[in-house]
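Everything below concerns the one structure shown next.
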Amino acid sequence: MGRIVSVEENFSLVEKVNSPNVKIPVIVKKPGQASVQARGLLLGQYKDKLFLDRVLQGEQIQKGDLVITSGEENWLPDLLIGQIEEVLPKTAELYQTARVSALLDYQKLRIVFVVIK
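The sequence shown begins at 13 in this note's numbering and counts up by one.
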């Protein structure tokens, strides 16, 4: 899963969600519920490492919550990216951070399709 950032005659360059430069506005929902629990920013890392950042301390997030694209910053809305694996304690900070496990193995991804808005 990613976003096309450059198109050439015979190929396109895709920025995957786990790329280190990627920052994706996301929402957090409990499995099976429609209401939004929190909003944050998903930060990519290499391999399958993803981090949820910029979640206000007062918002309730926990292990197992779903991380979904919000539709902002030219990302399609409602794309399920992963699940919260662990909420990292930062009691003195304004924001919470969580480790997110990706639902796709980006290292093994070989076939993709393009969704156009």
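Beta carbons: idealized from backbone N, C-alpha and C, even for Gly.
| Asked | Found |
| --- | --- |
| Quick check: D65 and I80, are their CB atoms within less than 8 Å of each other? | no |
| In whole angstroms, what is the alpha-carbon distance linking V19 and T103? | 44 Å |
| When you compare only the Cα positions, how much space is there between K41 and F63? | 16 Å |
| Contact check, I96 vs G76 under 8 Å by CB: the rounded distance? | 6 Å |
| Helix, strand or coil: how does DSSP classify P37 here? | strand |
| Taking the straight line between their C-alpha atoms, what separation do you get for G52 and I39? | 6 Å |
| Once you ignore the five residues that flank S113 on each side, which residues in its own chain have a CB closer than 6 Å to its CB? | G94, Q95, E97 |
| Determine the direct distance from the alpha carbon of Q74 to that of T109, and round the result to whole angstroms. | 11 Å |
| Could you have a look at S82 and say whether DSSP puts it in helix, strand or coil? | coil |
| DSSP state of A46, grouped into three classes? | coil |
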